[in-house]
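Undergrad:
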Amino acid sequence: PVIARLAAQAATGGAPSELALLGGQPHQVVLVPMKAPVTVGWVLMGFPLDATLVADMKSLSALSLTIATRTAENAPWRVALTSVAPDRAAGFARENWSLAAVDPTGMRSVNHDGQEFGVHAKWLTPSVLALVSLSIDEAVRPPRELQISLAAITLLGFVVFLFGSLFTARSVTVPLRRLSAAADRLGAGDYTTPMRGQQRTDEIGHLAHAFEQMRVSVAEKQVQILNLAYRDSLTGLPNRLQFRDAVRDAIAEAQAEGAAHPTVAVIMLDLDRFKHVNDVLGYRVGDLLLCRVGERLAQQMARGNDLVARLGGDEFAVLLRHGDAALAASVAQRIGAAFDEPLTLEDHTIDMGAGIGMACWPQHADDADTLLSRAEMAMYSAKRRTQGPLMYDASADASSTLTLSLLTDLRRAVEHGELRLYLQPKLTLETGRVGGAETLVRWQHPTRGLVPPMEFIPFAEQTGFIRTLTIWVFEEAARQWLSLQAEGLSLVLSVNLSTRDLLDPELPQKFDALLVKHRVPAEAFCLEITESAIMDDPQRALGTLNRLSGLGFKLSIDDFGTGYSSLAYLKRLPVDELKIDKSFVLGMVDDLDDAKIVRSTIDLAHNLGLTVVAEGVETAKVWDALRALECDEAQGYHMGRPMPAGEFNAWSMAWMAKNRPRVAPNSRFMLH
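If you're matching positions, the sequence shown starts at 6 in the numbering used here and goes up one per residue.
#1: Helix, strand or coil: which one does DSSP assign to Val107?
#2: Is DSSP giving Gly645 helix, strand or coil here?
#3: Cutting at 7 Å between CB atoms, please list the residues of its own chain near Ile476, excluding the five before and the five after it.
#4: Just the Cα atoms here: how many angstroms apart are Pro543 and Val521?
#5: Would you mind reading off the limits of the beta strand (DSSP E) that contains Ala619?
#6: Please classify Thr198 as buried or exposed, where buried requires at least 16 other C-beta atoms within 10 Å of its C-beta.
#7: Let me make sure I understand the geometry here. Which of Asn551, Thr354, Glu443 and Arg447 has the alpha-carbon closest to that of Gly422?
#8: List in chain order: all unbroken alpha helix (DSSP H) runs of 4+ residues lying wholly within the region 236-278.
#9: Go ahead and pull the three-state DSSP assignment for Leu68.
#10: Rounded to whole angstroms, what is the Cα-Cα separation between Val618 and Thr468?
#11: For Pro670, does the three-state DSSP call read helix, strand or coil?
#12: What does a CB cutoff of less than 7 Å around Leu624 pick up in its chain, not counting 5 residues either side in sequence?
#13: In terms of alpha-carbon separation, which member of His450, Arg524 and Leu550 lies closest to Asp506?
#14: Where Ile355 and Val269 are concerned, what is the direct C-alpha to C-alpha distance, given to the nearest angstrom?
#15: Express the C-alpha separation of Asp189 and Gly210 in angstroms, rounding to a whole number.
#16: For the region 646-654 against the region 485-496, are there 3 or more C-beta pairs whose distance is under 8 Å?
#17: Compare the C-alpha of Ser335 against each of Asp352, Leu316, Asp55 and Ala307 and name the closest.
#18: With distances taken from CA atoms, which of Gly192, Lys226 and Leu184 is nearest Leu212?
#19: Write down every uninterrupted run of the beta strand (DSSP E) in the region 595-640 whose length is 3 residues or greater and which is fully enclosed by it, in chain order.
#20: Would you mind sorting Pro42 into buried or exposed? The rule is 16 or more other CB atoms within 10 Å of its CB.
#21: For the beta strand (DSSP E) containing Val179, list its first residue and its last residue.
#22: Looking at Leu139 and Ala126, is the spacing between their C-beta atoms short of 8 Å?
#23: With a 10 Å radius around its C-beta and 16 neighbouring C-beta atoms as the bar for buried, classify Thr71 as buried or exposed.
#24: Using three-state DSSP, classify Phe565 as helix, strand or coil.
#25: Please identify the residue among Pro81, Ser66 and Gln120 whose C-alpha is closest to the C-alpha of Ala90.
#26: Based on the DSSP output, what are the partners of Arg75 in its beta bridges?
#27: Along the beta strand (DSSP E) that carries Gln33, what are the first and last residues, could you check?
#28: Among Ile585, Trp628 and Gly614, which residue has its Cα nearest to the Cα of Glu620?
#29: In the DSSP assignment, find the beta strand (DSSP E) that holds Trp82 and state where it starts and stops.
#30: Check whether the Cβ atoms of Gly441 and Leu496 sit closer than 8 Å, and answer yes or no.
#31: Mapping DSSP to helix, strand and coil, what is Ser140?
#32: Buried or exposed: which applies to Val48, given that a residue is buried once 16 or more other Cβ atoms fall within 10 Å of its Cβ?
#33: Would the beta-carbon of Leu294 fall within 8 Å of that of Pro243?
#34: Over what stretch of residues does the alpha helix (DSSP H) that includes Asn551 continue unbroken?
#35: Less than 7 Å between C-beta atoms, sequence neighbours within five positions excluded: which residues of the same chain meet that for Phe344?
#36: Taking three-plus beta-carbon pairs below 8 Å as touching, is the region 170-183 in contact with the region 144-153?
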């Protein structure tokens, strides 16, 4: 039958080839024609399918090949060739032959001995069945192994990353976090903790080293700043600020201890003749004197918790913690006795002395500031009386509460706009025209009403607050000058300066800054100073006046003739004007002596090239007399009282409309 089928295939032009069982063994049978050139015969060749075939297939594709045969349709299957176990191959044949008959392309899963296989069966001939199988476990083993390998690699990578992160954290993140925390401490003002990580050689080490240098530098600067803030740079003693804090702490400590009679005492002293030492021996010797005084005071402190301080200038203070009035008096006596011994400085023997005042808490004050104020009052009383150390006496300072209240109110008046600027006109006698005005300050108190100048100006001069008032008046006058200028009035405004103003070395600089601020020329002002202010310290006053004159200010000596007039100093002073005191002007018409003084002053001033202003012109007769004596300007109630600055322009226009010169230019005032 095989040969017949092959011959039939050859007759149709095909390539006759077929699988056949020969002796129960599958063979590949091929029928090949013999042509010469026509077919003269056929050659039949058969090739057995052996184990080499299935082995080659296994090696090439990893698939297992099983060829099963049977002799008849119902005969049992026999495994002819296989690359798997024979029993497994027989089982595959039994379980898959029917599937191959129904679905030649089918693939089914077979479980054999607990293993799962994928089997594909195909009929080669009715008696030959080819089974291609693959172990699913073996098929998935490489991906699973790959998954395991990937998982292992991933785990290993995670471990490496973890250790790398820990290493990075230890070497970078943690040090940076420490540096950040250190920077926060520096920002909070803690300069005591050194920087960690300076031993490192990388960038973090360099950064830590830079932070450490900054910390040390800032700490040193802070110490210097604290020393400047709380220490006197000359003597090295605590300054006023630290002394006040120490007094507060001492009072708080005494209150906290709960003693039956807690006490704190303060001693203040002001050196005698210290200014004379500076003037005669120079400031260097004066500085040495202050240092020696500080040392001598410290030597008198028998208790270790007492504090010596320099408050400023030639003022010193002593804090006696837990000290009562008796202890304060004893220490003050020791200090006074120590000052009786002269000091020798650079071959100069200097006799020392001091006004010493004392005050105790809670006997004389309820708080530290009041205690210091009371001790200072006692000190100034001691200097005036020259009777040795004095304890604060409330009866001798009956107005102390009012005084303290007045100073507080004055500060508030400046801050809250309670002060008012008034102007009193100054007129040119020759033409009767308004040439200037004197600026005066008035205080509109919210409860007391209009406070007279005599109630607060002397107090301001005594306390030094007059400097603040002077600056206020000058700046307000600058504003009013601009306002009057805009209204068509070109005036010279006079501003009064006190002794304390002349002794302020920064006064010219302050005035110059205000001129620049308000864009007002210095020629718009005349600065009036009293004779007593000049003669109190002629050298310093002369220096200040020269600087003011250099800025372009006109200078005037106020109340001339009532003070300690010195023609020698008058010749040296850079003044432009003399103001005759009203005490001579008021009675000059009826009093011959006053008239002679007025005429002599006018002649003296004109001979020195100065203009003359007469104060206290209250009648037309005095006006006429001054004009006859060729006085330059007049000021007084006859022309106008001090008035609010806002009313000055209206008054000026009314004056010019109603008044004319009363005496002809060639008239003369006769002295009788």
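Yeah, the Cβ is synthetic: ideal placement off N, Cα and C, and Gly gets one too.
TA: From the atom records:
#1: Taking the first residue of the sequence shown as position 1, residue 107 is located at position 102. Low local confidence applies: a pLDDT of 44 at Val107 is under 50, so the model's placement there is unreliable, with the coordinate-based value given in what follows. In the structure shown, Val107 sits in a helix (DSSP, three-state: H, G or I).
#2: To locate residue 645, count along the sequence shown from 1; it is residue 640. Three-state result, Gly645: coil.
#3: Reading the sequence shown from its first residue, position 471 is the one you call residue 476. Taken in chain order, the residues that qualify are Lys515.
#4: The count along the sequence shown starts at 1 and reaches residue 543 at position 538. The count along the sequence shown starts at 1 and reaches residue 521 at position 516. Going from the Cα of Pro543 to the Cα of Val521 covers about 29 Å.
#5: Taking the sequence shown and counting its residues from 1, the one referred to as residue 619 is at position 614. Looking at the DSSP string, the run of the beta strand (DSSP E) that includes Ala619 is Thr616 to Glu620.
#6: By 1-based counting over the sequence shown, the position of residue 198 is 193. With fewer than 16 other Cβ atoms within 10 Å, it is exposed.
#7: Stepping through the sequence shown from its first residue, residue 422 is reached at position 417. Restricting attention to Asn551, Thr354, Glu443 and Arg447, the CA atom closest to the CA of Gly422 is found in Arg447.
#8: Along the region 236-278, the alpha helix (DSSP H) occurs as fully enclosed runs of 4 or more residues at 245-262, listed in sequence order.
#9: For the purposes of this step, residue 68 is identified with residue 63 of the sequence shown, where counting begins at 1. Here Leu68 sits in coil by DSSP.
#10: Sequence index remark: in the sequence shown, residue 618 carries index 613 (1-based). Sequence index remark: in the sequence shown, residue 468 carries index 463 (1-based). Take the alpha-carbon of Val618 and the one of Thr468: they are about 30 Å apart.
#11: As a first step, residue 670 must be located in the sequence shown, where it is residue number 665. Low local confidence applies: a pLDDT of 46 at Pro670 is under 50, so the model's placement there is unreliable, and no value is given.
#12: As a working mapping, residue 624 is identified with position 619 in the sequence shown. Residue identity differs from the one stated: residue 624 is Thr in this sequence, not Leu. Cβ within range, chain order: His643.
#13: Numbered from its first residue, the sequence shown carries residue 506 at position 501. Out of His450, Arg524 and Leu550, the CA that lies nearest to the CA of Asp506 is found in Leu550.
#14: For the purposes of this step, residue 355 is taken as the residue at position 350 of the sequence shown. For the purposes of this step, residue 269 is taken as the residue at position 264 of the sequence shown. Distance between the alpha carbons of Ile355 and Val269: 33 Å.
#15: Working through the sequence shown from its first residue, we reach residue 210 at position 205. Working through the sequence shown from its first residue, we reach residue 189 at position 184. Distance between the alpha carbons of Gly210 and Asp189 is about 18 Å.
#16: Flag = yes, the region 646-654 and the region 485-496 touch.
#17: Locating residue 335 in the sequence shown gives position 330, where the first residue counts as 1. Closest option to Ser335, Cα to Cα, is Ala307.
#18: Locating residue 212 in the sequence shown gives position 207, where the first residue counts as 1. Relative to Leu212, the option among Gly192, Lys226 and Leu184 whose CA is nearest is Leu184.
#19: Residue ranges of uninterrupted beta strand (DSSP E) with 3 or more members, entirely inside the region 595-640 and ordered along the chain, are 616-620 and 638-640.
#20: To locate residue 42, count along the sequence shown from 1; it is residue 37. Classified as exposed, Pro42 has fewer than 16 neighbouring CB atoms from the shown chains inside 10 Å of its CB.
#21: Locating residue 179 in the sequence shown gives position 174, counting from the first residue. Unbroken run through Val179 is the alpha helix (DSSP H), Val179 to Gly192; no beta strand (DSSP E).
#22: Taking the first residue of the sequence shown as 1, we reach residue 126 at position 121. Taking the first residue of the sequence shown as 1, we reach residue 139 at position 134. Against a cut-off of 8 Å, the Cβ pair of Leu139 and Ala126 comes out as no contact.
#23: If you number the sequence shown from 1, residue 71 lands on position 66. The residue is buried, with at least 16 neighbouring Cβ atoms inside 10 Å.
#24: One-based indexing of the sequence shown puts residue 565 at position 560. If DSSP states are grouped into helix, strand and coil, Phe565 belongs with the strands.
#25: As a working note, residue 90 is residue 85 in the sequence shown. Looking at the Cα atoms, Gln120 is the closest of the given residues.
#26: To locate residue 75, count along the sequence shown from 1; it is residue 70. Residue pairing from DSSP leaves Arg75 without any beta-bridge partner.
#27: To locate residue 33, count along the sequence shown from 1; it is residue 28. Element bounds for Gln33: Gln30 to Lys40.
#28: Within the sequence shown, residue 620 is the residue found at index 615, counting from 1. If we check each option's Cα against that of Glu620, Ile585 comes out closest.
#29: In the sequence shown, counting from the first residue as 1, residue 82 sits at position 77. Element bounds for Trp82: n/a, residue is neither H nor E.
#30: As a working note, residue 441 is residue 436 in the sequence shown. As a working note, residue 496 is residue 491 in the sequence shown. Cβ distance < 8 Å, so Gly441 and Leu496 count as in contact.
#31: If you number the sequence shown from 1, residue 140 lands on position 135. Ser140 falls in the strand class under three-state DSSP.
#32: Counting from 1 along the sequence shown, the entry for residue 48 is found at position 43. Residue environment: Val48 is assigned as exposed (fewer than 16 neighbouring CB atoms within 10 Å of its CB, all protein chains considered).
#33: Residue numbering aside, residue 294 sits at position 289 when the sequence shown is read from its first letter. Residue numbering aside, residue 243 sits at position 238 when the sequence shown is read from its first letter. Against a cut-off of 8 Å, the Cβ pair of Pro243 and Leu294 comes out as no contact.
#34: Along the sequence shown, one-based indexing puts residue 551 at 546. Pro543 to Leu556 is the span of the alpha helix (DSSP H), which, as asked, contains Asn551.
#35: In the sequence shown, counting from the first residue as 1, residue 344 sits at position 339. Here the set comprises Met357, Gly358 and Ala359.
#36: These segments do not touch.
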